[in-house]
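Worksheet: the structure to be examined is printed underneath.
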Amino acid sequence: MINKLTEWGRALADVFMPRLCPVCGKALVADEPYICRGCLAALPRTHLEEVDFNTMEQLFAGKVPIERATGYFYYQKSSPYAQILYDIKYRNRPQMGRWLAARAAGELRNSGFFDDIEVIVPVPLHPSKLAERGYNQSDYLARGLSQALGIPVIDALKSTRAHGSQTRRSATDRWLNAQHTYALRQAKASQIENKHILLVDDVVTTGATLEACTHALLTAPGTQVTLFTLATARLD
Ligand SMILES: [Zn+2]
464 MINKLTEWGR
474 ALADVFMPRL
484 CPVCGKALVA
494 DEPYICRGCL
504 AALPRTHLEE
514 VDFNTMEQLF
524 AGKVPIERAT
534 GYFYYQKSSP
544 YAQILYDIKY
554 RNRPQMGRWL
564 AARAAGELRN
574 SGFFDDIEVI
584 VPVPLHPSKL
594 AERGYNQSDY
604 LARGLSQALG
614 IPVIDALKST
624 RAHGSQTRRS
634 ATDRWLNAQH
644 TYALRQAKAS
654 QIENKHILLV
664 DDVVTTGATL
674 EACTHALLTA
684 PGTQVTLFTL
694 ATARLD
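Here the sequence shown stands for residues 464 to 699, numbered as in our numbering.
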């Protein structure tokens, strides 16, 4: 009954205030919660999880030990699919991220990518940024994965100092800047010890953030880290 009412409500709301697909801009129909069917079908999936020592894993080789890494779809600034990431991060639509992450989990499950993962840890946001934005998009992604996979989320990391806009820095500067920015929450350390952790972020470009976070997680004894991002730049 509740579901029927929700469907009705959504259909009615769609007439007065159409929800739009962030990729193509067309109005969504009732059974398209966030992205239209056509754009979802054409999502530029990476399928990196099917490739041994894929380009994302190569990005971290020799820098920090990881078990596996994949991103769900390819991100390019010029692509209309970049709008999904923008909306999730800056336009107060983190629920779309949660939904898409759950969908990704369902699609990737059979590849074995999530086998033996025991806890999910989101990349944290500095408290000042969290206050400004009101939410951490990676936390929503982690919850979407958790819901689909039945694996708990542990908020094991903290961002220890704010960094300004990184867009004009060189890759080396960004790496150095990010290096000291993440730390393990000591109160949560016992919950990730000896566990295989899935570290989650929205997008990977230089890999500096994920690298710094992985270093922080590996300070807890016996941990292993696998990386999942909603999107990845083309790294080859
Ligand atoms: Zn669309």
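Backbone N, C-alpha and C define an ideal beta-carbon position, used for all residues, glycine too.
Keep in mind it's a predicted model, so treat the numbers as computed, not measured.
CA-to-CA, the gap between residue 690 and residue 600 works out to about 16 Å. The DSSP-derived three-state label of residue 610 is helix. Shortest Cα-Cα distance from residue 623 to any of 602, 587 and 655 involves 587. Apart from the 5 residues on each side of it in sequence, residue 486 sits with its Cβ closer than 8 Å to the Cβ of 498, 499, 502, 543, 544, 546 and 547 in its chain, given in chain order.
Excluding sequence positions up to five before and after residue 615, its CB lies within less than 8 Å of the CB of 582, 583 and 609, all in the same chain and listed in chain order.
When the five nearest sequence neighbours on each side are left out, the beta carbons in the same chain lying within less than 6 Å of the beta carbon of residue 688 are those of 529, 660, 662, 677 and 680, in order along the chain.
Selection 470, 491, 479 and 575 evaluated against residue 514 yields 575 as nearest (Cα-Cα). Taking a C-beta distance under 8 Å as the contact criterion, residue 564 and residue 506 do not qualify as a contact pair. A direct Cα-Cα distance of roughly 18 Å separates residue 592 from residue 558. Taking the C-beta atoms as reference points, residue 520 is found no nearer than 8 Å to residue 493. Residue 569 counts as exposed, since fewer than 16 other C-beta atoms from the protein chains shown sit within 10 angstroms of its C-beta. Take residue 658, set aside five residues on each side of it, and the residues of its chain with a beta-carbon closer than 8 Å to its own are 581, 582, 685, 686 and 687, in chain order. Relative to residue 613, the option among 646, 683, 572 and 489 whose CA is nearest is 572. Annotation for residue 501 indicates a beta carbon within 7 Å of some heavy atom of ligand 1.
Beta-bridge annotation (DSSP): residue 578 is not paired with any residue.
Taking C-beta separations shorter than 6 Å and ignoring five residues to either side along the sequence, the partners of residue 577 in its chain run 612, following chain order.
Between residue 606 and residue 648, the C-beta gap is not smaller than 8 Å, which leaves the two residues out of contact. In the DSSP annotation of this structure, the continuous segment of the beta strand (DSSP E) that includes residue 687 starts and ends at 687-695. In the structure shown, residue 529 adopts coil according to DSSP, grouped into three states.
Residue 694 sits close to residue 537, with the two beta carbons spaced by under 8 Å.
For the pair residue 552 and residue 596, the Cα-to-Cα distance works out to about 8 Å.
Taking 7 Å as the cut-off, one finds at least one heavy atom of ligand 1 near enough to the beta carbon of residue 486. In the DSSP annotation of this structure, the continuous segment of the beta strand (DSSP E) that includes residue 665 starts and ends at 659-667.
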